[in-house]
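Numbered according to this note's numbering, the sequence shown spans residues 4 to 442. Positions of the beta carbon are idealized from the N, C-alpha and C atoms, including for glycine. All figures in this text were calculated on a predicted structure; none of them were measured in a lab. Data first, discussion second: the structure below is written as structure tokens.
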Amino acid sequence: MPSELIQKDQQYIWHPFTPQKPQPEVIGIVKGQGSLLFDEEGKQYIDAISSWWVTLHGHGHPYIAEKLFQQALTLEQVIFAGFTHAPAVNLAERLIGILPGNFSKVFYSDNGSTATEVAIKMAIQYWKNRGEIESGKSKIENEIHPRKKILAFKNSYHGDTFGAMSVSDRGVFTLAFHDMLFEVIFIDTPTTENIGDMKAIIHAHGQEIACFIYEPLVQGAGGMKMTDPYLLNELLNTAKLNEIICIADEVMTGFGRTGRFFASEYLQKKPDIICLSKGLTGGTMALGVTACTDKIYSAFVTDNKLHTFFHGHSFTANPLACTAALASLDLLEKENCLENIQWICEQQAGFIDSLRNNEELYPKKIHNPRQIGTIAAFEISSGEDEYLNNISGTITRKCMDQGVYLRPLGNTVYIMPPYCITQNELEKVYTVLLSVLRG
Ligand SMILES: *Cc1c(COP(=O)(O)O)cnc(C)c1O
């Protein structure tokens with residue numbers, strides 16, 4: 004007999020990314036602490052994927068909780084047009100100080116999809132405004148829009164709203180909407196073999212392309228696919244030669260995931276716009292940031308009201324969310340957090356190494372073991388490359404039976420732990436996963 008929580012869930016709730024027939028099984032979680040999640044029966048699970056890549060310092064962190072409590076008593080929300088507040092200003096100042104590039108302005112929204120949506124709109128309107136500024140014509144009926152095309156990688160994921168979907172890979176996630184998505188030039192992620200061709204495509208369309216949106220070094224939802232920094236840098240260089248606005252979607256890679264604060268730190272060519280969310284608040288609250296350089300911003304600073312960026316959300320720069328982000332940054336900048344991140348990087352590299360040397364598993368049962376920073380991933384060989392097959396569900400179930408929560412993307416298994424994970428916990432994740440793989 005399911006608990007009351009589960010019965011009511013089944014009566015009232017529609018869960019994300021979840022087929023509804025047969026009615027999906029869910030587990031009631033009543034508490035989170037550190038790396039652990041506790042269900043209604045008191046069984047505990049190590050959250051080895053940081054609750055969809057958001058949790059940095061662990062669940063129920065007392066420092067973040069205390070800051071949130073104080074802020075909730077002080078100012079929980081206020082309209083952000085015409086008003087401002089310290090959490091938003093302090094966070095913007097602090098982010099500008101650490102972001103990889105010459106950023107000058109922070110635009111707030113409330114999740115990763117809106118962060119990329121804002122970035123795309125900013126880039127498109129930048130070219131329209133600039134075209135009008137340069138031609139001296141500025142009437143609304145004027146059709147001056149020199150660059151409208153967008154460049155993106157195949158296999159990418161930038162979110163689920165329409166703009167974000169449009170620049171994402173055309174796959175099963177977006178299938179119902181394909182003929183409604185705007186046109187995008189998709190290129191392959193660079194390899195030593197194709198880099199020349201990819202550069203040629205960029206050059207050929209260079210003057211029509213408004214922006215290039217990319218997940219630096221790791222394509223997350225696309226299956227933790229990793230790109231060589233040198234080759235990605237070459238493509239960014241080609242984009243910049245064509246004056247294409249470079250948008251780094253660091254919604255997943257930001258805040259230490261790749262072993263550096265931002266993945267763009269591995270790249271010499273820096274973005275003009277950067278998108279953040281997920282780990283931004285340590286995984287506590289929903290918040291999105293789209294930061295841009297002064298060059299982008301300046302195209303919106305004119306006497307023409309039509310050059311305004313007409314975009315905003317009710318909860319833009321929510322003071323609680325900004326407070327959580329400031330608290331998370333406090334924790335991230337602490338010595339022991341940076342040491343933990345380095346330690347996780349070493350453990351993950353060691354685990355991937357051990358997989359490569361595991362003759363029972365590799366290359367027969369698993370392939371393509373890889374790692375960057377705190378992220379380790381590999382593919383299971385026995386399934387087709389399909390999100391819809393059930394390998395993922397089987398692995399999740401078997402690992403959960405042994406107290407570890409993993410949620411493979413199709414046949415791609417990955418581990419992305421919160422930074423507070425202990426040695427015992429991480430070793431348990433490896434041991435349980437290995438036992439499940441051996442079958
Ligand atoms: C998760 C993700 C998004 C979307 O963020 P949401 O907060 O889920 O809307 C966008 N880009 C990347 C790279 C992501 O990993």
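Within the chosen limit of 7 Å, ligand 1 does not reach the beta carbon of Y15 with any heavy atom.
Counting the other Cβ atoms within 10 Å of the Cβ of G85 gives fewer than 16, which makes it exposed. Taking 4 residues as the shortest admissible run, the segment 335-376 contains the following complete alpha helix (DSSP H) segments, listed from N- to C-terminal end: 338-359. Between ligand 1 and A122, a heavy atom-to-CB distance of less than 7 Å is absent. Rounded to whole angstroms, the gap between the alpha carbons of E338 and I212 is 43 Å. For a cut-off of 8 Å, the C-beta gap from A320 to M288 is around 12 Å, too long to register as a contact. L412 sits in a strand when the DSSP states are folded into three classes.
Between the alpha carbons of E428 and C214 lies a gap of roughly 42 Å. Pairing K298 with L98, the inter-Cα distance amounts to about 18 Å. G285: not part of any alpha helix (DSSP H); DSSP gives it neither H nor E. Residue environment for I52: buried (at least 16 other C-beta atoms within 10 angstroms of its C-beta). Residue pairing of K243 in beta bridges, as defined by DSSP: absent, with no partner found.
Bridge pairing for T230: absent [DSSP]. Counting C-beta atoms within 10 angstroms of its own C-beta, V221 has 16 or more neighbours from the protein chains shown and is therefore classed as buried.
Taking 7 Å as the cut-off, the C-beta of T287 does not count as close to any heavy atom of ligand 1. Here DSSP, grouped into helix, strand and coil, assigns T319 to coil. DSSP places S384 in the coil class of the three-state scheme, outside both helix and strand. Contact between the segment 275-295 and the segment 399-409 is absent, with fewer than three C-beta pairs closer than 8 Å.
Shown in chain order are the residues whose CB sits closer than 5 Å to a heavy atom of ligand 1: N114, G115, S116, H161, G162, E218, G223, D252, V254, M255 and S280.
Judged by beta-carbon spacing, A167 lies within the 8 Å limit of T119, meaning their Cβ atoms are closer than that value. When only Cα atoms are considered, M201 and L154 end up about 11 Å apart. Per DSSP, the beta bridge partners of F156 are I190. In terms of Cα proximity to G413, the closest of I9, F106, M227 and I394 is I394. Between G115 and K11, the CB-CB gap reaches or exceeds 8 Å. The criterion of a C-beta distance shorter than 8 Å is not satisfied by H62 and Y422.
Taking C-beta atoms as the reference points, M125 and C295 count as a pair closer than 8 Å. By the C-beta criterion, the segment 204-211 is judged not to be in contact with the segment 248-255, since fewer than 3 inter-stretch pairs fall below 8 Å.
The residue among P219, I369, T21 and P411 with its C-alpha nearest the C-alpha of T261 is P219. For a cut-off of 8 Å, the C-beta gap from M229 to I375 is around 5 Å, short enough to register as a contact. With respect to the 8 Å criterion, I347 and T377 are classified as neighbours on the basis of their beta carbons.
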